[in-house]
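Going by this note's numbering, the first residue of the sequence shown is number 407, and it counts up by one from there.
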Amino acid sequence: MALPARAARELGPPLQPEQGAPARTTCPRRHSRVEPELAVSRPGSVAASVRAGPPRGVSHGFNSRPLLDEPPKASSSLAGAVRAPLFALLPRGRRRRMHDLRRRWDLGSLCRALLTRGLAALGHSLKHVFSAIFSKIFGPLASVGNMDEKSNKLLLALVMLFLFAVIVLQYVCPGTECQLLRLQAFSSPVPDPYHSEDESSSRFVPRYNFSRGDLLRKVHFDIKGDDLIVFLHIQKTGGTTFGRHLVRNIQLEQPCECRVGQKKCTCHRPGKRETWLFSRFSTGWSCGLHADWTELTSCVPAVVDGKRDARLRPSRWRIFQILDAASKDRRGSPSTNPGANSPSSTKTRNTSKSGKNFHYITILRDPVSRYLSEWRHVQRGATWKASLHVCDGRPPTSEELPSCYTGDDWSGCPLKEFMDCPYNLANNRQVRMLSDLTLVGCYNLSVMPEKQRNKVLLESAKSNLKHMAFFGLTEFQRKTQYLFEKTFNMNFISPFTQYNTTRASSVEINEEIQKRIEGLNFLDMELYSYAKDLFLQRYQFMRQKEHQEARRKRQEHRKFLKGRFLQTHFQSQSQSQGQSQNPSQNPSPNANQNLTQNLTQSLSQNSSQKENRANQKQSPGQEQSDSNSSNGTNDYIGSVEKWR
């Protein structure tokens, strides 16, 4: 709306911004507010007397009387100066900063307004688009009533159904165990959980030659009978985790009863009050804290024969009596030969007087990682003072097994001090706990030279490990689970988890310290190499056997289906021939009997044909009289009856 001519003459020419003043903005709101302020800032001008009013082109009353009815206001420089805004009297720099501030505020409000209007328009457009889509798809459902209301309700119902499905899926398959929650499950096949588990090369080259009997481990474990699993728990090898799996994560007819706040669980046989598991979490430390092979093979048979129920917790004095009696029995048939620890002697120890079968199992770990983990454990104040170390019916003396520390514990000891102690039982602990210490005079180092003693201990540990029912490796959790399930025919509920980050992995050592630790545990290093080779060969052997068994079952199933098809085809041909020979087309009531007789005759003809062929090979000049009467149908019948 343009100004009237009279007002235009009074205002004069258009106002020009002063030199140094901010440039004129193109925004209508900004222009309508800045122009009067610039006009009144000039003293003596006619426009200075005009009071800043509404925006340009808008009257005071917007729909009231026009601007021509308003009387012109007197113009004077004094009145303009008096009516000028207060900020016009400020310095030019301060005024410029206020103009910049207002301009920024205007731009921000403009952007917010545009964003709000844009989002509203987008939502409105999406609403119409979805309404159109639902009207095309669900047109018959929206024929009655308001279409927008029904489409909104239907969309809300679909969203709620999707959320409910997601919640149910998370409840059924928590975490990342469900393959449906992984994106790779839709794009690539499910990877083998046993493939390259230790992040090394999947190609394994064996170093030792083992027989089929050493590789095949299939224990007919009778949980309802007298079989007993004995777990030899070596320190810092992951035995605590594996022991919890045995009592809490295994599928049984009668699961173990584990109460809240108690470490031990009651693992009874079905229908009996006898335990089938001898471990820390089932019977406690019945033979002492972390009892080794020498203690368990002497203590477990005596404890089980004396205590028939699951509550096995004899006192320390009772343990000494049991081990003393067992050592006296063993002294009755001494063996001075260090190699007397043969598989036959091992097998005799795996049974008790009551006829119970003992199946020993254990877990091994990389010696360097195990050594560092034990050092960190001892550094936190842990000790194994309750360990008995009973051998030949008595514990070692203080001269045979001195202590590495003088206080109550060895907390805060540095790694160098831990390695410098020559009596530290952490050195070659796995070999010592798996070997028969009676072969080397127990803890008396003066019985034989050190070199011979180490050789006997290593060979004894290898033999006992090879003839154990099962052993696993901490670095191969899934393979350990697989071999245990195949060995004992017992399945776990949830899969084992491989933890590559442990307390030992957080310890940073240089190459020199690592070589020294390997030197202190040279027997454990050789035993672990032997155990790893045997473990992986057993795993490959069991996997190949499983694949062969699955292939054989598939072949038998295909042959069974082929036999059923041939049998059905022959029956249909026989029925069609019988109907063609009967002119009245009346089925005989003895059709099944006739079919059976025909099958029997065909089988007899087939057998006679094979005999004639054999006779023909012996006497080529002899002719067969019934060779023309046989045909290919007899072979089909023979194959059908064979696979029936």
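Quick reminder that beta carbons are idealized off the backbone N, C-alpha and C, glycines included.
Model, not experiment: these values are computed from the prediction.
Note on geometry: alpha-carbon atoms of HIS765 and THR893 lie some 11 Å from one another. Within 10 angstroms of the beta-carbon of ALA956 lie fewer than 16 other beta-carbons, which makes it exposed. When ASP815, THR703, GLU881 and PRO707 are compared, the shortest CA-CA separation from THR908 is found for GLU881.
Under the three-state reduction of DSSP, HIS674 is assigned to strand. For a cut-off of 8 Å, the C-beta gap from VAL846 to ARG835 is around 16 Å, too long to register as a contact.
DSSP links TYR766 through a beta bridge to VAL636. The beta carbon of GLY677 sits closer than 6 Å to no other beta carbon from its chain once the five residues preceding and following it are set aside. GLU952 counts as exposed, since fewer than 16 other C-beta atoms from the protein chains shown sit within 10 angstroms of its C-beta.
Looking at the backbone, the Cα of LEU575 and that of MET566 are separated by about 14 Å. For LEU863, the uninterrupted alpha helix (DSSP H) segment begins and ends at 856-872. Listed as beta-bridge partners of ILE915 by DSSP are no residues whatsoever. Between GLN785 and TYR811, the alpha-carbon positions lie close to 12 Å from each other. Between the alpha carbons of VAL666 and LEU521 lies a distance of about 58 Å.
Taking each of PHE971, LEU532, GLN943 and SER704 in turn and checking the Cα distance to ASP842, the smallest one comes out for SER704. The beta carbon of GLN983 sits closer than 7 Å to none of the beta carbons in its chain outside the five residues before and after it. Here PHE898 is bridged, per DSSP, to ILE656. In this structure, ASN830 lies away from ASN927, with their beta-carbon atoms at least 8 Å apart. For PHE882, there is no enclosing beta strand (DSSP E), as DSSP marks it with neither H nor E. In the three-state DSSP reduction, GLU663 falls in the strand class (E or B).
In terms of Cβ geometry, LEU652 and SER685 form a close pair [threshold 8 Å]. Ranked by Cα distance from ALA875, the options LEU525, ALA526 and ARG623 are led by ARG623. Taking a cut-off of 8 Å for Cβ pairs, the stretch 895-904 and the stretch 861-876 do not touch, as fewer than three such pairs fall below it. For GLN887, the closest C-alpha among the options PHE648, GLY524, HIS639 and HIS505 is that of PHE648.
Looking only at LEU560, THR803 and LYS822, the smallest Cα-Cα distance to TYR777 is reached by LYS822. Checking the DSSP bridge columns, you'll see CYS848 has no partner listed. In the three-state DSSP reduction, ARG949 falls in the helix class (H, G or I). Non-local beta-carbon contacts of ARG944 in its own chain, meaning distances under 7 Å to residues more than five positions away in sequence, involve LEU621, ARG623 and LEU889 in chain order.
Straight-line measurement puts the Cα of ASN895 at about 20 Å from the Cα of SER688. Around PHE824, the same chain offers TRP781 as residues with beta carbons nearer than 6 Å, after the five sequence neighbours per side are excluded. Here the alpha carbons of GLY524 and ALA571 stand approximately 34 Å from one another.
Going by beta carbons, LEU863 and GLU932 fall outside the 8 Å limit.
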